[in-house]
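Numbering (my numbering), first residue to last: 26 to 320.
Beta carbons are placed, not taken as given, at the ideal position from N, Cα and C, and that holds for glycine.
Treat the numbers as computed from the prediction; the structure is a model and nothing was measured.
Let me begin by presenting the structure, written as structure tokens, before commenting on it.
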């Protein structure tokens with residue numbers, strides 16, 4: 026979809042939520058790939074998906090985030106209004122409460138390990154929330170929470186497309202090692218699904234919020250540990266695993282998720298989204314470093 030003009034966002038607000046028609050609207054720059062964000066007044070944000078999948082995420086967040094936010098120790102986007110499709114814009118969209126902070130790509134972290142530890146505690150809390158009725162993996166959350174083997178075809182295709190960018194032999198060995206990890210044999214639990222730096226907000230050097238729950242669902246929790254390969258080094262990563270008592274099989278699958286996300290994203294976003302491509306490259310590099318030293 027082409028760039029959404031501010032005048033069109035004003036039209037959506039004026040027609041569907043006239044009480045907010047007089048508030049200023051400004052585009053908010055983000056490295057995200059599925060949505061465009063606009064600040065509405067001082068205390069709200071408008072989120073417009075750029076594809077049909079994003080629309081499914083909007084409806085899901087509107088249903089489940091009020092339930093999820095009651096349990097987490099940090100802020101999450103609180104949906105306060107659900108916008109309906111119109112002829113010129115065929116998808117649902119939403120208005121949220123604004124959360125102050127900078128994403129962890131650009132924001133100053135006093136201690137990256139503390140941010141990762143706090144995030145890991147949020148992951149553990151999320152997994153203890155009652156999953157009854159929660160959405161199982163599907164298109165709505167880009168299939169987060171499924172067994173790693175379901176990503177095998179896409180990962181191998183991505184490796185083939187990265188012949189000139191990475192050590193593809195090493196990447197293949199690391200991926201196959203992750204595939205050999207024991208599968209998740211317990212009941213599905215809640216997952217965020219996309220805990221990368223762009224979806225973490227930092228305020229005064231500390232983690233203050235987790236945003237973009239488009240990957241929300243219930244399934245294998247391994248994918249929610251991929252942030253360890255995005256934020257930490259080998260030594261601090263192992264410290265995190267021990268302090269948060271993540272079992273070895275889940276950690277190994279989490280490493281596989283980090284590798285798969287990096288491999289699939291890097292060739293896709295290398296030109297169109299250099300910031301996200303940089304995140305993808307770091308995921309790959311950190312996983313391969315783990316593999317080389319046998320962590």
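Residue 290 beta carbon less than 7 Å from that of residue 305: yes
DSSP beta-bridge partners of residue 227: 127 and 232
Status (buried if at least 16 other CB within 10 Å, exposed otherwise) for residue 27: Residue placement at residue 27 is flagged as unreliable, the pLDDT there being 45, under the threshold of 50; the coordinate-derived value follows with that caveat. Classification for residue 27: exposed.
Distance CB(residue 223)-CB(residue 128) smaller than 7 Å: It is a contact, given that the beta carbons lie within the stated cut-off.
Segment limits, alpha helix (DSSP H) that includes residue 305: Bounds of the alpha helix (DSSP H) holding residue 305 are 299-318.
Through-space distance from residue 172 to residue 77, alpha-carbon basis: 24 Å
Test item: CB-CB of residue 69 and residue 101 under 7 Å: no
Whole runs of the alpha helix (DSSP H) within the segment 239-296, excluding any shorter than 4 residues: 252-256, 259-268 and 273-294
Exposed unless 16 or more other CB atoms sit within 10 angstroms - verdict on residue 131: exposed
Residue 35, DSSP secondary structure in three states: Here residue 35 sits in helix by DSSP.
Given residue 104 as reference, the closest of 37, 112, 82 and 262 once Cα atoms are compared: 82
Residue 53, DSSP secondary structure in three states: Collapsing the DSSP output to three states places residue 53 in a strand.
With 16 other Cβ atoms within 10 Å as the buried cut-off, status of residue 301: buried
Straight-line gap, residue 41 to residue 107 (C-alpha atoms, nearest Å): 9 Å
Expected contact under 8 Å - CB spacing of residue 148 and residue 285 to nearest Å: Rounded, the Cβ-Cβ distance is 18 Å, inconsistent with contact.
Heavy atom of the ligand GTP within 6 Å of residue 193 beta-carbon: Here there are no bound small molecules, and the ligand GTP is not part of this structure.
Span of the beta strand (DSSP E) around residue 108: 104-108
Residue 79 to residue 164 span [Cα, whole Å]: Spanning the two alpha carbons is a distance of roughly 10 Å.
Inter-residue spacing [alpha-carbon to alpha-carbon] between residue 188 and residue 275: 29 Å
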